[in-house]
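The block underneath contains the structure these notes are about, expressed in structure tokens.
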Amino acid sequence: MKKNFIGGEWLESDHAIDNINPSDTSDLIGTYALASIAQTQQAIDAAHTAFPSWSRSPIQQRSEMLDNIGNEILARKQQLGELLSREEGKTLPEGIGEATRAAHIFKFFGAQVLRQKGDFFDSVRPGIDVTVTRTGVGVAGLILPWNFPIAIPAWKIAPALAYGNCVVFKPSELVPATAHAMAEIIVNAGIPAGVFNLVMGHGESVGATIVNSPKVQAVSFTGSIKTGRSVAASAVARMAKIQLEMGGKNPLVVLDDADLPTAVDCAVQGAFFSTGQRCTASSRLIVTDGIHDRFVKAMVERMSSLVTDHALKAGTDIGPVIDQRQLDQDLKYLQVGLGEGANLAYGGEQVARDAPGFYLTPALFTETDNTMRINQEEIFGPIASVIRVKDYDEALATANDTEFGLSSGVVTTSLKYASDFKRNIQAGISFVNLPTSGVDYHVPFGGTKSSSYGAREQGQYAEEFYTTVKTDYTRA
Ligand code: NAD
14 MKKNFIGGEW LESDHAIDNI NPSDTSDLIG TYALASIAQT QQAIDAAHTA FPSWSRSPIQ
74 QRSEMLDNIG NEILARKQQL GELLSREEGK TLPEGIGEAT RAAHIFKFFG AQVLRQKGDF
134 FDSVRPGIDV TVTRTGVGVA GLILPWNFPI AIPAWKIAPA LAYGNCVVFK PSELVPATAH
194 AMAEIIVNAG IPAGVFNLVM GHGESVGATI VNSPKVQAVS FTGSIKTGRS VAASAVARMA
254 KIQLEMGGKN PLVVLDDADL PTAVDCAVQG AFFSTGQRCT ASSRLIVTDG IHDRFVKAMV
314 ERMSSLVTDH ALKAGTDIGP VIDQRQLDQD LKYLQVGLGE GANLAYGGEQ VARDAPGFYL
374 TPALFTETDN TMRINQEEIF GPIASVIRVK DYDEALATAN DTEFGLSSGV VTTSLKYASD
434 FKRNIQAGIS FVNLPTSGVD YHVPFGGTKS SSYGAREQGQ YAEEFYTTVK TDYTRA
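Plus 13 on top of the position in the sequence shown (first one is 1) and you've got my numbering.
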């Protein structure tokens, strides 16, 4: 049994969970300890005790530690990428790419530790100086989804540690292996006892204990809107600092003047890669009349060449869906779409491969309108809809007609439309002539409307959430 890391020790539990490979359900990756509520409290207590010392630790020490963690992840990116793809189901190049990105995030925050700055003011009263600095918040409870098992943990853990916070890290119960492997790297880098804790387990027990503990000053959550709402309600009720990153129903607008191959590349990558299991996936393809038929034809042609198979097999474009529950959800939405009168132009078939896995071919609905459930609710699978519109104005209005506001994109050769889209799209991220997924690690990430709540993640903007502003007055 792989253990949790609590208060500087690897601890067993009475209960464990089997981690199954979604590409081959006969492949047991390992058995992982489920932390109890008492163990979760123990981890929170350890983090609380370690905070005064860690928050005052030399910045050189923190910087080197984060840089070393990044270097070790980089050195093991192949192995970590394989493990990640084996348990999550994204293809091996995607798995290695994600591990590489996690390494870069740790190295970025290793450098950021050294760039902490403050402000100096003359007081309005004579003879008094005022300094404004930032300090760590305290214990950061980090609650993670399954779809980016190393990158998202990295973009929460690295800034939390960099700015002097102690961490209680709860990965998704579906991807404990990558979390455990990353925790081993963090532990082996010499992190002091209590500063970093791994508590694998279920949301209702481990997650809820973190969210409700008065010793956890900051809760950073990434996951579904449904869970996010309940996490926020509990955390805000006790006035904890809270940050939520949630779902999307991201539009990719394709205009008449678009370069067709670029449009198809953006749509296929954005909608179907990583099996469409990305909060930034382009699930709504909003296409103007003049290019609509050519775009649909080219999409169907390209989609028929995509290989859906085992995540670790060379040549696979699209790996399996994460598990039976998500597959059932995808299949349900395919029926919902057909029931709403959409035309299934391609895919959406559950298929058998050499190994028993959750294989679903990428699906494209056409003849849809934006009011349909398939265009308003997050499906989180390899399923996209084409919505036909008459012109740019209708495309923009349709793109904004959603409760979500995470990512967005436009494919156009017009500077006028590109500029207008960047200004007026209601989303935290926009892309011109690029897929809606695939973001850099050194710039902020997050959305608007129901997609996000609280301070932005990543880049220097991460400082906002993981620090508290402090104002000091001194009379000489
Ligand atoms: P989820 O909401 O089911 O679970 C997320 C985490 O919350 C898990 O660790 C889970 O155990 C925990 N949890 C569940 N109930 C809890 C409770 N009562 N208290 C505390 N924690 C609890 O989400 P998921 O299925 O793991 O992930 C998919 C979702 O994540 C999608 O909606 C996707 O869009 C979203 N997501 C968003 C981003 C982003 O940055 N915006 C990135 C990746 C994924």
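From the three backbone atoms N, C-alpha and C, an ideal C-beta is built for every residue, glycine too.
Open item on the list: Which of the three DSSP states is assigned to V399 in this structure?
Closed with: Counted from its first residue, the sequence shown places residue 399 at position 386. DSSP places V399 in strand when its eight states are reduced to three.
- [ ] Determine, using beta carbons only, whether P158 and T53 come nearer to each other than 7 angstroms.
- [x] Numbered from 1 along the sequence shown, position 145 holds the residue referred to as residue 158. Numbered from 1 along the sequence shown, position 40 holds the residue referred to as residue 53. No; because the gap between Cβ atoms is not below 7 angstroms, this pair is not in contact.
- [ ] Kindly list the residues whose CB is nearer than 8 angstroms to the CB of S39, restricted to its own chain and excluding five residues on each side of it in sequence; keep chain order.
- [x] Counting from 1 along the sequence shown, the entry for residue 39 is found at position 26. Excluding sequence neighbours, S39 sits near A368, P369.
Task: Continuous beta strand (DSSP E) assignments of at least 3 residues falling wholly in the stretch 119 to 178 - done: Restricting attention to beta strand (DSSP E) runs no shorter than 3 residues, the stretch 119 to 178 encloses them at 132 to 135, 141 to 149, 152 to 156, ordered along the chain.
Task: Proximity below 7 angstroms, CB of F119 to CB of I82 - done: As a position in the sequence shown, residue 119 is number 106, starting the count at 1. As a position in the sequence shown, residue 82 is number 69, starting the count at 1. The answer is yes: Cβ separation under 7 angstroms.
Task: Candidates E391, Q290, R297: closest to K239 by CA position - done: Taking the first residue of the sequence shown as position 1, residue 239 is located at position 226. The candidate whose alpha carbon is nearest that of K239 is E391.
Task: Under the three-state DSSP convention, the category K345 falls into - done: By one-based count along the sequence shown, residue 345 stands at place 332. DSSP, read as helix, strand or coil, puts K345 in helix.
TODO: Give the range of the alpha helix (DSSP H) segment to which L373 is assigned.
DONE: Taking the sequence shown and counting its residues from 1, the one referred to as residue 373 is at position 360. No alpha helix (DSSP H) holds L373; DSSP gives it neither H nor E.
- [ ] Evaluate A88 with the Cβ neighbour count: other Cβ atoms within 10 Å of its Cβ, from every protein chain shown; 16 or more gives buried, anything less gives exposed.
- [x] If you number the sequence shown from 1, residue 88 lands on position 75. Counting Cβ neighbours within 10 Å, A88 comes out exposed, since fewer than 16 surround it.
TODO: Return the chain-ordered list of same chain residues with a C-beta closer than 6 angstroms to the C-beta of V145, the five sequence neighbours on each side being excluded.
DONE: Taking the sequence shown and counting its residues from 1, one reaches residue 145 at position 132. Counting only Cβ-Cβ distances below 6 angstroms, and skipping sequence neighbours, we find G131, D132, T484.
Task: Runs of alpha helix (DSSP H) wholly within the stretch 442 to 489 (minimum 4 residues, chain order) - done: Runs found: 476 to 479.
Open item on the list: So, for R251: in the same chain, excluding its five sequence neighbours on each side, which residues have a beta-carbon less than 8 angstroms away from its beta-carbon?
Closed with: Stepping through the sequence shown from its first residue, residue 251 is reached at position 238. For R251, the CB contacts under 8 angstroms within the same chain, skipping 5 residues up- and downstream, are N225, P227 in chain order.
TODO: Just the C-alpha distance for Y405 and V320, rounded to the nearest angstrom, thanks.
DONE: Numbered from 1 along the sequence shown, position 392 holds the residue referred to as residue 405. Numbered from 1 along the sequence shown, position 307 holds the residue referred to as residue 320. Note on geometry: alpha-carbon atoms of Y405 and V320 lie some 34 angstroms from one another.
- [ ] Look up P264 in the DSSP assignment and say whether it is helix, strand or coil.
- [x] For this step, residue 264 is matched to residue 251 along the sequence shown. Annotated three-state conformation of P264 is strand, per DSSP.
Task: Beta-carbon spacing of V334, L273 below 7 angstroms - done: Numbered from its first residue, the sequence shown carries residue 334 at position 321. Numbered from its first residue, the sequence shown carries residue 273 at position 260. Judged by beta-carbon spacing, L273 lies beyond the 7 angstroms limit of V334, meaning their Cβ atoms are not closer than that value.
Open item on the list: Does the structure place the stretch 383 to 399 close enough to the stretch 343 to 360 that three or more beta carbon pairs sit under 8 angstroms?
Closed with: Taking 8 angstroms as the limit for Cβ pairs, the verdict is that the stretch 383 to 399 does touch the stretch 343 to 360.
Open item on the list: If I follow the unbroken alpha helix (DSSP H) through K435, where does it start and stop?
Closed with: Within the sequence shown, residue 435 is the residue found at index 422, counting from 1. Start and end: 428 to 437.
Open item on the list: Taking 6 angstroms as the cut-off, is the beta-carbon of N160 closer than that to any non-hydrogen atom of the ligand NAD?
Closed with: In the sequence shown, counting from the first residue as 1, residue 160 sits at position 147. Checking the Cβ of N160 against the ligand NAD gives yes.
Open item on the list: Using only the alpha-carbon positions, how far apart do D330 and D135 sit?
Closed with: One-based indexing of the sequence shown puts residue 330 at position 317. One-based indexing of the sequence shown puts residue 135 at position 122. So the alpha carbons of these two residues sit roughly 60 angstroms apart.
Task: DSSP state of H305 mapped onto helix, strand, coil - done: Your numbering for residue 305 matches position 292 in the sequence shown. Looking at H305 - three-state DSSP - the assignment turns out to be helix.
Open item on the list: Let me check you understand the geometry: is the CB of E258 closer than 6 angstroms to at least one non-hydrogen atom of the ligand NAD?
Closed with: For the purposes of this step, residue 258 is taken as the residue at position 245 of the sequence shown. Flag set: Cβ of E258 near the ligand NAD.
TODO: Consult DSSP for A88 and reduce its assignment to one of helix, strand or coil.
DONE: Translated into positions along the sequence shown, residue 88 becomes position 75. In the structure shown, A88 sits in a helix (DSSP, three-state: H, G or I).
Open item on the list: Below 6 angstroms, is the gap between the Cβ of A475 and the nearest heavy atom of the ligand NAD?
Closed with: Residue mapping note: residue 475 aligns to position 462 of the sequence shown, counting from 1. No - the ligand NAD has no heavy atom lying nearer than 6 angstroms to the Cβ of A475.
Open item on the list: Taking 6 angstroms as the cut-off, is the beta-carbon of E498 closer than that to any non-hydrogen atom of the ligand NAD?
Closed with: Only positions 14 to 489 of the chain appear in this structure, which leaves residue 498 out of reach.
Task: Close Cβ partners of W168 (< 6 angstroms) along its chain, the five nearest in sequence each way excluded - done: The count along the sequence shown starts at 1 and reaches residue 168 at position 155. In chain order, I118, E470, Q471 place their CB closer than 6 angstroms to the CB of W168, counting only its own chain and leaving out the 5 sequence neighbours on each side.
- [ ] Specify the secondary structure class of T384 as computed by DSSP and reduced to three states.
- [x] Locating residue 384 in the sequence shown gives position 371, counting from the first residue. It is coil, neither helix nor strand.
Task: Same chain, Cβ closer than 6 angstroms to A248, five either side skipped, listed in chain order - done: Numbered from its first residue, the sequence shown carries residue 248 at position 235. Around A248: V224, V232, I255.
Open item on the list: Any heavy atom of the ligand NAD inside 6 angstroms of the beta-carbon of L325?
Closed with: Counting from one through the sequence shown, the residue named residue 325 turns up at place 312. Not under cutoff, so the answer is no.
TODO: Just the C-alpha distance for D453 and R242, rounded to the nearest angstrom, thanks.
DONE: Indexing the sequence shown from 1 puts residue 453 at position 440. Indexing the sequence shown from 1 puts residue 242 at position 229. Answer to the nearest angstrom: the Cα atoms are 27 angstroms apart.
Task: Nearest-angstrom Cα separation, counted from A175 out to L79 - done: Counting from 1 along the sequence shown, the entry for residue 79 is found at position 66. Counting from 1 along the sequence shown, the entry for residue 175 is found at position 162. Between L79 and A175, the alpha-carbon positions lie close to 8 angstroms from each other.
Open item on the list: Quick test of your reading: I163 and M213, contact by CB under 8 angstroms. State the CB separation rounded to the nearest angstrom.
Closed with: In the sequence shown, residue 163 corresponds to position 150, counting from 1. In the sequence shown, residue 213 corresponds to position 200, counting from 1. Actually they are not in contact, since the Cβ atoms of I163 and M213 sit about 15 angstroms apart, beyond 8 angstroms.
Task: Cβ distance (whole Å) where G467 is taken to contact G283 below 8 angstroms - done: Start at 1 with the first residue of the sequence shown, and residue 467 comes out as number 454. Start at 1 with the first residue of the sequence shown, and residue 283 comes out as number 270. In this structure, G467 and G283 do not form a Cβ contact; the two beta carbons are roughly 26 angstroms apart against a cut-off of 8 angstroms.
Task: Cβ distance (whole Å) where A294 is taken to contact S464 below 8 angstroms - done: As a working mapping, residue 294 is identified with position 281 in the sequence shown. As a working mapping, residue 464 is identified with position 451 in the sequence shown. The beta-carbon separation of A294 and S464, rounded to 12 angstroms, does not stay under the 8 angstroms limit for a contact.
Task: Three-state class that DSSP yields for R99 in the structure shown - done: Taking the sequence shown and counting its residues from 1, the one referred to as residue 99 is at position 86. Residue state, collapsed to three classes: helix.
Task: Which listed residue (V244, A202, T191) has its alpha carbon closest to that of G216 - done: Translated into the one-based positions of the sequence shown, residue 216 becomes position 203. Relative to the Cα of G216, the nearest Cα in the group V244, A202, T191 belongs to V244.
TODO: Scan the stretch 215 to 250 and note each continuous alpha helix (DSSP H) run of 4 residues or more that stays entirely inside, going in chain order.
DONE: DSSP runs (the alpha helix (DSSP H)) wholly in the stretch 215 to 250: 221 to 225, 238 to 250.
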